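Report on the structure given below.
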Amino acid sequence: MTETCDTRRYLTGFDVGRVPNLFADVLVIGSGVAGLRAAIEAAGRASVILVTKGRIIDSNTAMAQGGIAAVMSPEDSFESHIQDTLRVGCGLCDRAAVERLVREGPDRIRELVGWGAIFDRRAQDLLMGLEAGHSSARIVHALGDATGREVADTLIRVARGTSGLRIFEECFAVDLIEIEGRCRGATTFHRHFGHQLIWARQTILAAGGCGQLYRESTNPEVATGDGHAMAYRAGLTLRDMEMVQFHPTTLYVAGATRALISEAVRGEGAYLVDRQGRRFMPEYHPDAELAPRDVVSRAILAEMARQDATCMYLDVRHLNAERFRKRFPTITRLCEEFDINIERDRIPVRPAAHYMIGGVQVDLDARTEMPGLLACGEAASTGVHGANRLASNSLLEGLVFGAVAGRLAAESAQRERSSPGPMDIRSDIAPSSRTMLDLADVRNSLRSVMWRNVGIQRVGPRLQETLEIIDFWSHYVMDKLFDDRAGWEVQNMLTVARLVTASAEARRESRGVHARSDFPDSDRSLDGRHTLVRRGPDGPRVWIES
Ligand SMILES: Cc1cc2nc3c(=O)[nH]c(=O)nc-3n(C[C@H](O)[C@H](O)[C@H](O)COP(=O)(O)OP(=O)(O)OC[C@H]3O[C@@H](n4cnc5c(N)ncnc54)[C@H](O)[C@@H]3O)c2cc1C
1 MTETCDTRRY LTGFDVGRVP NLFADVLVIG SGVAGLRAAI EAAGRASVIL VTKGRIIDSN
61 TAMAQGGIAA VMSPEDSFES HIQDTLRVGC GLCDRAAVER LVREGPDRIR ELVGWGAIFD
121 RRAQDLLMGL EAGHSSARIV HALGDATGRE VADTLIRVAR GTSGLRIFEE CFAVDLIEIE
181 GRCRGATTFH RHFGHQLIWA RQTILAAGGC GQLYRESTNP EVATGDGHAM AYRAGLTLRD
241 MEMVQFHPTT LYVAGATRAL ISEAVRGEGA YLVDRQGRRF MPEYHPDAEL APRDVVSRAI
301 LAEMARQDAT CMYLDVRHLN AERFRKRFPT ITRLCEEFDI NIERDRIPVR PAAHYMIGGV
361 QVDLDARTEM PGLLACGEAA STGVHGANRL ASNSLLEGLV FGAVAGRLAA ESAQRERSSP
421 GPMDIRSDIA PSSRTMLDLA DVRNSLRSVM WRNVGIQRVG PRLQETLEII DFWSHYVMDK
481 LFDDRAGWEV QNMLTVARLV TASAEARRES RGVHARSDFP DSDRSLDGRH TLVRRGPDGP
541 RVWIES
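The sequence shown finishes on residue 546 if you use the numbering used here, and the numbering steps up by one all the way, no holes.
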């Protein structure tokens, strides 16, 4: 049988004796909030290598705007944050994981403050924002709407000052090394040093999300689902891969990248209106503009279809402009770049892919089913987001479960006496003589198909059609041997697109972010039952938990 994305174990050929071998107690893949927090935690007790495929700052984390949800005020309560998370998660959250997230959150925020993170305050008190789905104002934010940058800068500064932690930028993790069922590190490609094997007693997968799968996306270029694809090839179970969250409001200027207009703007009182200035959200949900993201995204799409419009609008003209500029300096600047005057003009918006809820299945301590491998952040499925992520819970997830993963990895590595490697391993892959497709074209076309067929509204026949299209492209792309990031990214994107589409096909109901027009209602018999997918002999095997 021809090797496809579903049958090939490693993307590259290698031989342990012919490439440099490096060693660490703990290898961390990814430099977002989850990877950095994990690496800092582990480095106190173990030698750590952190690899990241671009610059250290290239991540979803650095782009986060609105803030971090946490119970920091006496008027708020853990139970209220837990209940909000469970309600928005539509019957698919793991309550124990949500409890851990919410209860450990405030300590992680205080720790960040102790490390020098500057969050917005009035006098001594943290300023807390309100966002959709939250019943209290509990969103800690920084520099108005640049929370992610402040979090990333703080963690990077701490990581760079931590002894025992080596950081390799421009170092692409290609595949997890797995020997006799245990993870032993990863095969990597460094821009200057080429292929390397990094052997580790414990590996933490924190490679983030896959928003680049969609033509309309808030995510940066690095979000190509490499972590999900690597885990899939290594035989791990991925969970809820159909659950892709779409953000309702990204700036819509044809030809420009889709920049996020944070939820917090609606939290401050902005209205969603159509071209005629009619406010439409009250017709869709009692919470109007502050309804959960999936509801708002679908409402915008419905209005666009009904009115044959390319976008809807955010109206902030009734808000205090001075206050708006101060609270949202990045968004104000962004609008100005396109000559949108927030006092005079409405802001054109439409939804875009934003967050991958699904990921590598982990337990409460970030452990995957493969000994030696942990996962955290957007690459993992902890069960905290259920079928819909509550706004601003993901930076929190990265902080909380990053720390959990780092601690456990260091403790486990300390207990292991044997050397992490090298071990006898090689991957022989014969180069293919089949026609080569234009990679850039495949990448763009895949993103368009995913947006059209596996986006906010899904239907069985379109999902089937998408699987066939992915099969076709895979046939010509997955058998190739690439020596650069662009090639591996497209291979990973094809793999992850297939997992998302096959999982969306398998879940024959609508729930949270997953909306099927052929199954418009939630099926109560599927409450609490996750979609699982794993590599089978001929391709992905998808099933719904019993
Ligand atoms: C525009 C925007 C705004 C957002 N706003 C908020 C918000 O206000 N509040 C909130 O809670 N969440 C927000 N989010 C979501 C949140 O930022 C992310 O979910 C979170 O930061 C994910 O953290 P992470 O560490 O898992 O992944 P990331 O931050 O994406 O980091 C992943 C890292 O892995 C690296 N990587 C990927 N593949 C490889 C590979 N093959 N080899 C080596 N390295 C690799 C990447 O380069 C990157 O460094 C926002 C997201 C976006 C895009």
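We put the beta carbon where it would ideally sit given N, CA and C, even for glycine.
Since we're looking at a predicted model, the values are computed, not measured.
- Taking each of Arg333, Lys480, Gly209, Leu481 in turn and checking the Cα distance to Asp58, the smallest one comes out for Gly209.
- In terms of side-chain proximity, the C-beta atom of Ala291 is found no nearer than 7 Å to any non-hydrogen atom of ligand 1.
- A distance criterion of 7 Å places the beta-carbon of His514 beyond contact range of ligand 1, judged by its closest non-hydrogen atom.
- Only exposed fits Asn341, as fewer than 16 other CB atoms lie within 10 angstroms of its CB.
- Taking the Cα positions, Arg498 is about 14 Å away from Trp543.
- Pro420 and Gly185 do touch by the CB rule: their CB atoms are close to 7 Å apart, below 8 Å.
- Within the segment 345–408, the complete beta strand (DSSP E) segments of 3 residues or longer fall at 347–356, 359–361, 373–375, listed in chain order.
- DSSP, read as helix, strand or coil, puts Arg258 in coil.
- For Cys335, the enclosing alpha helix (DSSP H) stretches over residues 329–337.
- In the three-state DSSP reduction, Ala309 falls in the coil class, being neither helix nor strand.
- Ala186 is bridged by DSSP to Leu176, Ile198.
- No heavy atom of ligand 1 is found nearer than 7 Å to the CB of Met241.
- A distance criterion of 7 Å places the beta-carbon of Met63 in contact range of ligand 1, judged by its closest non-hydrogen atom.
- If you look at Asp226, you'll find it in the alpha helix (DSSP H) that goes 226–233.
- Ranking Gly267, Thr218, Arg138 by CA distance to the CA of Leu290 puts Gly267 first.
- For Leu334, the CB stays at least 7 Å from every heavy atom of ligand 1.
- Just measuring C-alpha positions, the residue of Arg516, Val384, Arg443 sitting nearest Leu86 is Val384.
- In terms of CA proximity to Ile68, Glu150 leads the group Ala46, Thr531, Gly54, Glu150.
- Checking the DSSP bridge columns, you'll see Ile139 partnered with Ala69, Gly129.
- Between the alpha carbons of His285 and Arg157 lies a distance of about 43 Å.
- In the displayed model, Phe246 falls within a strand according to three-state DSSP.
- Look at Ser427 here: in three-state DSSP terms it is strand.
- Taking a cut-off of 8 Å for Cβ pairs, the segment 491–510 and the segment 344–353 do not touch, as fewer than three such pairs fall below it.
- Proximity of the beta carbon of Asp15 to ligand 1 is not indicated: no heavy atom of the ligand is located closer than 7 Å.
- Residue pairing by DSSP places His514 opposite Arg511 in a beta bridge.
- Of the candidates Ile331, Met230, Ala379, Ala379 places its Cα closest to the Cα of Asp240.
- With fewer than 16 other beta carbons inside 10 angstroms of its own, Asn320 counts as exposed.
- Excluding residues up to 5 positions away in sequence, Gln202 lie with their Cβ nearer than 6 Å to the Cβ of Ser412 in the same chain.
- Arg415 and Leu373 have their C-alpha atoms roughly 15 Å apart.
- Distances between the C-beta of Tyr214 and the heavy atoms of ligand 1 are all 7 Å or more.
- In this structure, Ala353 places its C-beta atom within 8 Å of the C-beta atom of Leu213.
- Beta-carbon to beta-carbon, Lys326 and Gly129 are separated by about 13 Å, too far to satisfy the 8 Å threshold.
- Here Asp25 carries a strand assignment [DSSP, helix/strand/coil].
- The beta carbon of Gly133 sits no closer than 7 Å to any heavy atom of ligand 1.
- In this structure, Ser31 has its CB closer than 7 Å to one or more heavy atoms of ligand 1.
- A residue is called buried once 16 or more other Cβ atoms fall within 10 Å of its Cβ, and Phe119 is buried on that count.
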